[in-house]
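Residue numbering for the sequence shown follows full-length UniProt numbering, beginning at 1 and increasing consecutively.
Note that beta-carbon positions come from the ideal geometry of N, C-alpha and C, so glycine has one too.
In what follows, a single structure is set out as structure tokens and then discussed.
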Amino acid sequence: MKKIVALLGILTLTISCKTAGTVNSGATLKNAFKNKFYIGTAMNLPQVHETDEKSVGIIKNQFSSIVAENCMKSMFLQPEEGKFFFDDADKFVAFGEKNKMFIIGHTLIWHSQLPNWFFVDKDGKDVSAEILKQRMKNHITTVVTRYKGRVKGWDVVNEAIMEDGSYRKSKFYEILGEEFIPLAFQYAQEADPNAELYYNDYNEWYPGKVQTVIKMVKNMKSRGIRVDGVGMQTHVGLDTPSINEYEKAIVDYASAGVKVNITEMEISALPSPWGTSANISDTVEYQAKMNPYTKGLPENVKAEWENRYLDFFRIFLKHQDKIRRVTLWGVTDAQSWKNDFPVKGRTDYPLLFDRNDQAKPVVKKIIQLTKEK
């Protein structure tokens with residue numbers, strides 16, 4: 001009798017482990033979107049190193065694509081000039097290969113999370129244009145070559161255009177002007193001619209930004225510089241942008257002859273003091289009204305949040321011919337960067353899996369959308 005009880009216990013444990021993150025048997029996001037577009041998630045270090053076993057189970061079970069949340073950013077890959085650290089990135093890529101996933105590298109050139117040495121000489125003064133070009137080329141070539149044929153797509157340049165369509169006045173821009181973007185794509189293309197190359201940005205539905213990005217993409221393509229996709233980060237809230245605004249942006253980007261990637265999606269249920277933003281340097285004085293749901297979402301807000309996700313996925317499915325990938329920026333609510341943005345201590349509920357590593361009801365509804373005509 002004891003043996004039977006023990007065996008039943010083992011069987012129960014095995015079943016519960018195998019179904020972590022599932023909605024019901026066989027119904028997963030990965031399977032539902034198999035013939036439509038990749039469905040992906042960002043991975044943090046506990047997941048890359050597989051110490052967060054529950055969320056790793058969800059990733060393996062639910063997603064067909066992965067992107068590194070932080071470990072492939074330049075400040076981590078090359079903290080000192082010429083001294084590269086690949087341990088975490090290597091594990092990330094190996095995880096993707098082992099689980100047969102479409103692996104995305106994020107990000108090669110970005111003004112933020114960049115090592116301090118990148119723009120300055122030994123005296124702390126801005127380097128010349130030629131030196132900056134060489135540093136860019138060395139970084140991109142070293143990183144992309146290491147993962148040639150393994151990382152399938154790269155966010156080559158991240159967040160270089162402002163909402164009004166002007167260029168962000170980053171050090172890259174100040175030293176090299178607009179040309180730093182074509183140069184980055186050229187270096188990446190030379191390092192791995194077969195990898196997909198993307199431009200990635202947030203608040204990507206603003207008309208001024210859309211126009212400039214399209215112009216930039218067309219200009220590069222006319223010069224023989226390959227651009228395969230535009231990344232729409234999709235850090236959105238309950239109100240902004242409207243679905244019509246977002247759909248128009250998808251169609252407009254696709255008209256430039258590139259695929260659209262939804263790259264960092266989450267939907268915040270919390271009020272935002274400026275609408276929506278993904279600029280991690282923004283800070284806002286803490287106010288209690290910015291953190292109203294510390295014990296969970298009220299039912300009416302939960303319903304509004306769920307309908308918002310469904311509206312977005314209806315648009316993605318409607319335009320699946322234009323979309324290469326839809327990636328969520330994280331797995332569970334517990335790990336989302338939105339919990340501490342724009343002020344420390346905020347409690348948000350922006351992702352598809354809850355703080356107990358369980359699929360929210362919306363996951364089943366999103367899967368159902370893929371079956372509708």
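Query: What do you get for Gly224, buried or exposed, if any count of 16 or more other CB atoms within 10 angstroms of its CB means buried?; Result: exposed
Query: Helix, strand or coil for Trp205? Go by DSSP, reduced to three states.; Result: coil
Query: Taking 6 Å as the limit between beta carbons, can you name the residues of its chain near Met72, skipping five residues before and five after?; Result: Ala89, Gly105, His106
Query: Where DSSP assigns a beta bridge to Thr327, which residues make up the other side?; Result: Gly40
Query: Go ahead and label Phe118 buried or exposed: buried means 16 or more other beta carbons lie within 10 angstroms of its beta carbon, across all protein chains shown.; Result: buried
Query: Per DSSP, Asp126 is paired with what?; Result: Val120
Query: Where DSSP assigns a beta bridge to Ile267, which residues make up the other side?; Result: Val236
Query: Determine, using beta carbons only, whether Leu369 and Arg314 come nearer to each other than 8 Å.; Result: yes
Query: Would Asn158 be called buried (16 or more neighbouring beta carbons within 10 Å of its own) or exposed?; Result: buried
Query: Residues in the same chain with beta-carbon distance under 6 Å from Thr263, minus the five sequence neighbours each way, listed in chain order, please.; Result: Asn200, Gly231, Gln233, Thr327
Query: When you compare the CB positions of Phe180 and Met220, do they come within less than 8 Å of one another, or not?; Result: no
Query: Closest to Ile58 by CA distance: which of Tyr349, Lys373, Thr332 is it?; Result: Thr332
Query: In whole angstroms, what separates the C-alpha of Ala269 from that of Gly149?; Result: 39 Å
Query: Examine the Cβ distances between the stretch 92-100 and the stretch 132-144 and report whether three or more of them are shorter than 8 Å.; Result: no
Query: Which partner residues does Leu197 have in the DSSP bridge list?; Result: Trp154
Query: Give me, in chain order, the residues of the same chain whose beta-carbon lies closer than 6 Å to that of Glu81; leave out the 5 immediate sequence neighbours on both sides.; Result: Trp117
Query: According to DSSP, which residues form a beta bridge with Ala68?; Result: Met43
Query: In whole angstroms, what is the alpha-carbon distance linking Lys365 and Leu132?; Result: 49 Å
Query: Which one of Trp154, Ala334, Phe86 has the shortest CA to CA distance from Trp110?; Result: Trp154
Query: Taking its Cβ as the centre, do 16 or more other Cβ atoms sit within 10 Å of Ser272, making it buried, or is it exposed?; Result: buried
Query: Could you tell me which residues DSSP pairs with Tyr167 in its beta bridges?; Result: Ile161
Query: Taking three-plus beta-carbon pairs below 8 Å as touching, is the stretch 238-250 in contact with the stretch 188-197?; Result: no
Query: With a threshold of 7 Å on Cβ separation, who are the neighbours of Lys360 within its own chain once the five nearest residues in sequence on each side are excluded?; Result: Leu352, Phe353, Asp354
Query: Taking only the alpha-carbon atoms, compute the straight-line gap between Val120 and Ser336 and give it to the nearest angstrom.; Result: 33 Å
Query: Going by Cα to Cα distance, which pick from Ala160, Asp348, Phe316 is closest to Lys295?; Result: Asp348
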